[in-house]
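Participant: Before I ask anything, here is the structure I am working with.
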Amino acid sequence: MDLITSPDELHSIVAGHRRHGRSIALVPTMGALHSGHLSLIELARSRADVVVVSIFVNPLQFEDPRDFERYPRCESDDDHMCAEQGVDIVFRPEPSLLYPPGFATTVDVSGVTQTLEGSSRPGHFRGVATVVAKLFIAADPDLAVFGAKDYQQVAVIRRLTEDLGFAIDILVAPTVRESDGLAMSSRNVRLDSESRRAAAKLFQSLQAAQEACATGTTDSASLIESVIDHLRTSPLIEIDYVQIVDPHTLSPSAHAGPDDVLLVAAVVGGVRLIDNVVLGGAR
Ligand code: AMP
């Protein structure tokens, strides 16, 4: 497994693979890898000859510097897991090579960034879109894999890929969960035991809404209210938003259909968590 820190070096190694006719998959991550990330790597492995995993805690997408500092980092565990998964290249860019002094160009995706995470975390998607565009340029992949857990992020990446003309297939892997349903996240290690128990309510409340939808409740306001009521049973949960949106435009749906997506963001014991389900489907 190659460990690369320079975008130029990555680009030339990938070009070598391309000359040999090999296809390239990119899995962008911020590290502290867990089974959710591994499922993305597995999907990439099954679809391409060469798998590149990027590991970069991107300062540009954190609006709160303390959140950036506290973000978990475990380089040697990550490298070990990547090697075990048969990853070919770990790309851990040197920040000053990705964002050299004087760096002043960012990528702004409009429309799908205006709601949900975009409203709660101003500037977040500018950081995501910018780093992903730079990773796409450096790794020059045929395909890139993202997780459905970050539903809005996928919409942003799809828009960016199309608008900037990247010839890259965007694949989406389902959310991997703990046994009580909590979506795996690198941030979960920061939950204390009480908050960890409370955090399971996020998915439970989404599932209850899926069931209510399946048995005929289509009024979004009542479904949202039931999720809020469920979450309010724990004093450790501070709700940021609960919304039902159209899967393509991400605009609110007044009447919930099976294709609509129910999303939640909440701070649980000081840790911000997000989750989502398609109303008509078990994920
Ligand atoms: P992160 O390291 O949190 O930036 O995530 C890197 C990629 O892994 C993103 O595409 C995420 O959507 C995806 N991901 C994170 N958690 C999960 C999960 N529990 N299941 C599936 N994919 C995930």
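The sequence shown runs 4 to 286 under the numbering used here.
For glycine and all other residues, C-beta sits at the position ideal for the given N, C-alpha and C.
#1: Residues around ligand 2, please: the ones whose beta-carbon is closer than 6 Å to some heavy atom of it, in chain order.
#2: So for V1, helix, strand or coil by DSSP?
#3: Is F106 buried or exposed, if buried means 16 or more other CB atoms sit within 10 Å of its CB?
#4: In its own chain, which residues sit with a C-beta less than 6 Å from the C-beta of T109, not counting the 5 before and 5 after it?
#5: Going straight from the alpha carbon of P238 to that of D145, what length do you get?
#6: Who are L226's beta bridge partners in DSSP?
#7: Rounded to a whole number of angstroms, what is the C-alpha to C-alpha distance between S9 and V148?
#8: Spell out a yes or no on whether the stretch 165 to 176 and the stretch 184 to 204 are touching, meaning 3 or more CB-CB pairs, one atom from each, closer than 8 Å.
#9: From E214 to I242, what does the alpha carbon distance come to, in whole angstroms?
#10: Thinking C-alpha only, which one of S49, V271, R190 is nearest C77?
#11: How about P31 and V192: are their beta carbons less than 8 Å apart?
#12: According to DSSP, is I92 part of a helix, a strand, or is it coil?
#13: What does a CB cutoff of less than 6 Å around A35 pick up in its chain, not counting 5 residues either side in sequence?
#14: Could you please give me the residues that DSSP links to V264 through a beta bridge?
#15: In chain order, what residues of the same chain have a beta carbon less than 7 Å from the beta carbon of A51, not counting five sequence neighbours either side?
#16: Using the three-state DSSP reduction, which class does H258 fall into: helix, strand or coil?
Facilitator: The relevant details are as follows:
#1: Ligand 2 is not part of the structure shown, which contains ligand 1 as its ligands.
#2: Nothing can be reported for residue 1: it is not among the residues displayed for the chain, which extend from 4 to 286.
#3: Taking the sequence shown and counting its residues from 1, one reaches residue 106 at position 103. Counting Cβ neighbours within 10 Å, F106 comes out exposed, since fewer than 16 surround it.
#4: Stepping through the sequence shown from its first residue, residue 109 is reached at position 106. Once the five neighbours on either side are set aside, the close Cβ partners of T109 are R129, T133.
#5: By one-based count along the sequence shown, residue 238 stands at place 235. By one-based count along the sequence shown, residue 145 stands at place 142. So the alpha carbons of these two residues sit roughly 46 Å apart.
#6: Residue 226 sits at position 223 when you count from the first residue of the sequence shown. Answer is none; L226 lacks a bridge partner.
#7: For the purposes of this step, residue 9 is identified with residue 6 of the sequence shown, where counting begins at 1. For the purposes of this step, residue 148 is identified with residue 145 of the sequence shown, where counting begins at 1. So the two alpha carbons sit approximately 21 Å from each other.
#8: no
#9: Mapped onto the sequence shown, residue 214 falls at position 211. Mapped onto the sequence shown, residue 242 falls at position 239. Approximately 21 Å, taken between the alpha carbons.
#10: As a first step, residue 77 must be located in the sequence shown, where it is residue number 74. Nearest option by C-alpha distance: R190.
#11: Within the sequence shown, numbered from 1, the residue matching residue 31 stands at position 28. Within the sequence shown, numbered from 1, the residue matching residue 192 stands at position 189. No, these two residues do not count as a Cβ contact at 8 Å.
#12: Working through the sequence shown from its first residue, we reach residue 92 at position 89. Note: I92 maps to strand in three-state DSSP.
#13: As a working note, residue 35 is residue 32 in the sequence shown. Around A35: P75, C77, S189.
#14: Locating residue 264 in the sequence shown gives position 261, where the first residue counts as 1. Beta-bridge pairing links V264 to V248, V281.
#15: Translated into the one-based positions of the sequence shown, residue 51 becomes position 48. Taken in chain order, the residues that qualify are S26, I27, A28, D145, L146.
#16: Position 255 of the sequence shown, counting from 1, holds the residue named residue 258. Correct three-state label for H258: strand.
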